[in-house]
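J.: Using the working numbering, read the sequence shown as starting at 84 and increasing by one per residue.
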Amino acid sequence: MTLSKAPPDISGITDHSPGPELEPLISVTAGRRTVPRWLRRTAVPVLLLVLWQVTSATGVLSPDTLASPGTVARAASDLISSGELGTAMSVSLRRVASGLLVGGLAGTGLALVAGLSRLGEDTVDATVQMMRTVPFVGLIPLLIIWLGIGEAPKITLIALGVTFPLYLNVYAGIRGVDERLIEAGSSLSLSRWGLIRHVILPGALPNFMTGLRFSLATAWLALIFGEQVNADAGLGYLLNRAREYLRTDQIIVCLVVYALLGLVVDALVRTLERLLLQWRPTFTGS
Numbered sequence: 084m085t086l087s088k089a090p091p092d093i094s095g096i097t098d099h100s101p102g103p104e105l106e107p108l109i110s111v112t113a114g115r116r117t118v119p120r121w122l123r124r125t126a127v128p129v130l131l132l133v134l135w136q137v138t139s140a141t142g143v144l145s146p147d148t149l150a151s152p153g154t155v156a157r158a159a160s161d162l163i164s165s166g167e168l169g170t171a172m173s174v175s176l177r178r179v180a181s182g183l184l185v186g187g188l189a190g191t192g193l194a195l196v197a198g199l200s201r202l203g204e205d206t207v208d209a210t211v212q213m214m215r216t217v218p219f220v221g222l223i224p225l226l227i228i229w230l231g232i233g234e235a236p237k238i239t240l241i242a243l244g245v246t247f248p249l250y251l252n253v254y255a256g257i258r259g260v261d262e263r264l265i266e267a268g269s270s271l272s273l274s275r276w277g278l279i280r281h282v283i284l285p286g287a288l289p290n291f292m293t294g295l296r297f298s299l300a301t302a303w304l305a306l307i308f309g310e311q312v313n314a315d316a317g318l319g320y321l322l323n324r325a326r327e328y329l330r331t332d333q334i335i336v337c338l339v340v341y342a343l344l345g346l347v348v349d350a351l352v353r354t355l356e357r358l359l360l361q362w363r364p365t366f367t368g369s
C-alpha cells in the first residue's frame, strides 16, 4: 500500500509583497545644452574684435598705430564702392590661378616621375630636394633679371611656391602605398598602368589633397611677395599704396581680404577632399 501526498493548494495565496522599485534612468547629458559649433568657432574672433574696438575707443590703441574697426569698415566700403577692391581681387586671383596651374602640373609631374621609378628618383629627387631648401623669395632678383618686371616673375614665383609642397606630398603618398596592395594587384594580372591607375594613384590621393592645401597657402604668401615687384594692380598694389600713405585702415582691409580668399579656397579644397575620399574612413573628433 502506497500513500501519495497531494501537493498543497496555493491557489488562494497571493503575494502582495512590494517588489523592487524601478527608477527612471536620467541621461547624464540630458540637462546639458550643447553650444552650436558655429558659435564656438566664431567666439574667439568676435572677442578679439571687441577688444580691438574697446582699446581703440578708450585711446589705449593709437589711430596712428592701428585704425579702429569702424575706420577699417569705412575704408573697405570706400574701396568697394569705387571698384578698386573688386579689380584688385580679380587680378590677384588670376595670378594665383595661373601660378597654381603651372606649379601644380610641375610638382605632380615630378612626383610621378620620382615616385614611380627608381631611375626617376635618382635623376629628379636629389635636385628637387636641393632646390626646395632655397627660399623662393630669394629668387626675386634673378626672376626680375631673367623675366623683367611684368606678370611673368609674379606667376613664376607663385609656381615655385606651389611646386615643392605638392611634390613632397605626392611623392610621399606614392611611396607610402602598402606593398601588399601592389602584390594583390599583380596577382589579379593588372598591368603596370593598371597598378598605377587602380592602386597607386588612389592610394596617393589623400597626400595629394594635403599637398594641394599646403600649396594654396604658400601661393597666397608668394603672391604677397610677388606683387611687391612693380605691381600696378592687385591687392599687393593696394597694400603698397596704403603703406606709402600710412593708411593702416586700408592695410588691414587688404590683409583681411587675403585671409578671406585663402579661407574660401581652402574650404573648396576641403569639400573636394570629402567628395573624392568618401571611401576612406577617418577620425573626425569627439
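For each residue, glycine too, the CB sits at the ideal point set by N, CA and C.
1) Rounded to the nearest angstrom, what separates residue 183 and residue 155 at their Cα positions?
2) Between residue 251 and residue 215, what straight-line distance do the alpha-carbon atoms span, to the nearest angstrom?
3) Once DSSP output is grouped into helix, strand and coil, what is the label at residue 307?
4) Report, in whole angstroms, the separation of the C-beta atoms of residue 239 and residue 226, which I expect to be a contact under 8 Å.
5) For residue 196 and residue 287, I'd like the C-alpha separation in whole angstroms.
6) Distance check for residue 291 and residue 264, CA to CA, integer angstroms please.
7) Note the first and the last residue of the continuous alpha helix (DSSP H) segment covering residue 247.
8) With a cut-off of 8 Å on the beta carbons, I'd call residue 158 and residue 336 a contact; round off their distance for me.
9) For residue 219, which residues in the same chain have their Cβ closer than 7 Å to its Cβ, ignoring the five residues on either side in sequence?
10) Assuming contact is defined by CB atoms lying nearer than 9 Å, are residue 325 and residue 334 in contact in what I supplied?
11) Using the three-state DSSP reduction, which class does residue 290 fall into: helix, strand or coil?
12) Is residue 361 helix, strand or coil by DSSP?
13) Assuming residue 310 and residue 318 are in contact, meaning their beta carbons sit under 8 Å apart, how far apart are those beta carbons, in whole angstroms?
14) Assign residue 175 to one of three DSSP states: helix, strand, or coil.
15) Out of curiosity, what's the CA-to-CA distance linking residue 152 and residue 315?
16) Just mark residue 370 as buried or exposed, buried being the case when its beta carbon has 16 or more other beta carbons within 10 Å.
17) Assuming residue 295 and residue 352 are in contact, meaning their beta carbons sit under 8 Å apart, how far apart are those beta carbons, in whole angstroms?
18) Between the beta-carbon of residue 303 and the beta-carbon of residue 207, is there less than 9 Å?
19) Return the residue from the list 260, 221, 171 and 267 that minimises the CA-CA distance to residue 389.
20) Would you kindly report the start and end of the unbroken alpha helix (DSSP H) that includes residue 210?
21) Work out the CA separation of residue 269 and residue 276 for me, nearest whole Å.
22) Which residue comes first and which comes last in the alpha helix (DSSP H) that contains residue 268?
23) Can you give the beta carbon distance from residue 194 to residue 253, rounded, assuming they're within the 8 Å contact cut?
24) Rounded to a whole number of angstroms, what is the C-alpha to C-alpha distance between residue 223 and residue 259?
25) In the structure shown, what three-state DSSP assignment does residue 319 receive?
26) Could you name the residues of the same chain whose beta carbon sits closer than 7 Å to that of residue 181, not counting the 5 residues immediately before and after it, in chain order?
27) Give the straight-line distance between the Cα atoms of residue 47 and residue 146, rounded to the nearest whole angstrom.
28) May I ask you to report which of helix, strand or coil DSSP gives residue 150?
29) Alpha carbon to alpha carbon, what distance is there between residue 359 and residue 129?
T.: Taking the geometry as given:
1) Taking the sequence shown and counting its residues from 1, the one referred to as residue 183 is at position 100. Taking the sequence shown and counting its residues from 1, the one referred to as residue 155 is at position 72. Whole-angstrom Cα-Cα distance: 31 Å.
2) To locate residue 251, count along the sequence shown from 1; it is residue 168. To locate residue 215, count along the sequence shown from 1; it is residue 132. Roughly 10 Å separates the two Cα atoms.
3) For the purposes of this step, residue 307 is taken as residue 224 along the sequence shown, with counting starting at 1. In this structure, DSSP gives residue 307 a helical state, which the three-state scheme calls helix.
4) The sequence position of residue 239 within the sequence shown is 156, counting from 1. The sequence position of residue 226 within the sequence shown is 143, counting from 1. Confirmed, Cβ separation roughly 6 Å.
5) For the purposes of this step, residue 196 is taken as the residue at position 113 of the sequence shown. For the purposes of this step, residue 287 is taken as the residue at position 204 of the sequence shown. The straight-line gap from Cα to Cα measures roughly 14 Å.
6) Counted from its first residue, the sequence shown places residue 264 at position 181. Counted from its first residue, the sequence shown places residue 291 at position 208. Computed Cα separation, rounded: 19 Å.
7) Looking up residue 247 in the sequence shown gives position 164. Residue 247 -> alpha helix (DSSP H) spans 234-258.
8) As a first step, residue 158 is located in the sequence shown; it is residue number 75 there, counting from the start. As a first step, residue 336 is located in the sequence shown; it is residue number 253 there, counting from the start. Indeed, because the Cβ distance is near 5 Å, the residues count as touching under 8 Å.
9) For this step, residue 219 is matched to residue 136 along the sequence shown. Within the same chain, residue 219 has close Cβ partners 240, 243, 244 and 305.
10) Your numbering for residue 325 matches position 242 in the sequence shown. Your numbering for residue 334 matches position 251 in the sequence shown. Yes, the pair counts as a contact, with Cβ atoms nearer than the cut-off.
11) Along the sequence shown, read from residue 1 onward, the residue named residue 290 stands at position 207. Residue 290: helix per DSSP, three-state reduction.
12) Position 278 of the sequence shown, counted from the start, is the residue given in the question as residue 361. Coil.
13) As a first step, residue 310 is located in the sequence shown; it is residue number 227 there, counting from the start. As a first step, residue 318 is located in the sequence shown; it is residue number 235 there, counting from the start. Going by Cβ atoms, the distance from residue 310 to residue 318 rounds to 7 Å, so yes, they are a contact pair.
14) The residue labelled residue 175 in the question sits at position 92 within the sequence shown. Looking at residue 175 - three-state DSSP - the assignment turns out to be helix.
15) If you number the sequence shown from 1, residue 152 lands on position 69. If you number the sequence shown from 1, residue 315 lands on position 232. The C-alpha of residue 152 lies about 27 Å from the C-alpha of residue 315.
16) Nothing can be reported for residue 370: it is not among the residues displayed for the chain, which extend from 84 to 369.
17) Taking the sequence shown and counting its residues from 1, the one referred to as residue 295 is at position 212. Taking the sequence shown and counting its residues from 1, the one referred to as residue 352 is at position 269. Going by Cβ atoms, the distance from residue 295 to residue 352 rounds to 6 Å, so yes, they are a contact pair.
18) Translated into positions along the sequence shown, residue 303 becomes position 220. Translated into positions along the sequence shown, residue 207 becomes position 124. In this structure, residue 207 does not lie closer than 9 Å to residue 303 by Cβ.
19) No answer is possible for residue 389: it lies beyond the span of the chain, which begins at 84 and ends at 369.
20) Within the sequence shown, the letter at position 127 stands for residue 210. First-last of the alpha helix (DSSP H) with residue 210: 209-215.
21) Along the sequence shown, read from residue 1 onward, the residue named residue 276 stands at position 193. Along the sequence shown, read from residue 1 onward, the residue named residue 269 stands at position 186. Residue 276 and residue 269: Cα-Cα distance of roughly 11 Å.
22) Working through the sequence shown from its first residue, we reach residue 268 at position 185. First-last of the alpha helix (DSSP H) with residue 268: 262-270.
23) Here residue 194 is taken as the residue at index 111 of the sequence shown, counted from 1. Here residue 253 is taken as the residue at index 170 of the sequence shown, counted from 1. Sure, about 4 Å apart at Cβ, within 8 Å.
24) The residue you call residue 223 lines up with position 140 of the sequence shown. The residue you call residue 259 lines up with position 176 of the sequence shown. Going by the C-alpha atoms only, they are around 35 Å apart.
25) Stepping through the sequence shown from its first residue, residue 319 is reached at position 236. DSSP places residue 319 in helix when its eight states are reduced to three.
26) Position 98 of the sequence shown, counted from the first residue, corresponds to residue 181. 238, listed in sequence order.
27) Only positions 84 to 369 of the chain appear in the structure, and residue 47 is not among them; the question remains open.
28) Working through the sequence shown from its first residue, we reach residue 150 at position 67. Correct three-state label for residue 150: coil.
29) Translated into the one-based positions of the sequence shown, residue 129 becomes position 46. Translated into the one-based positions of the sequence shown, residue 359 becomes position 276. Distance between the alpha carbons of residue 129 and residue 359 is about 34 Å.
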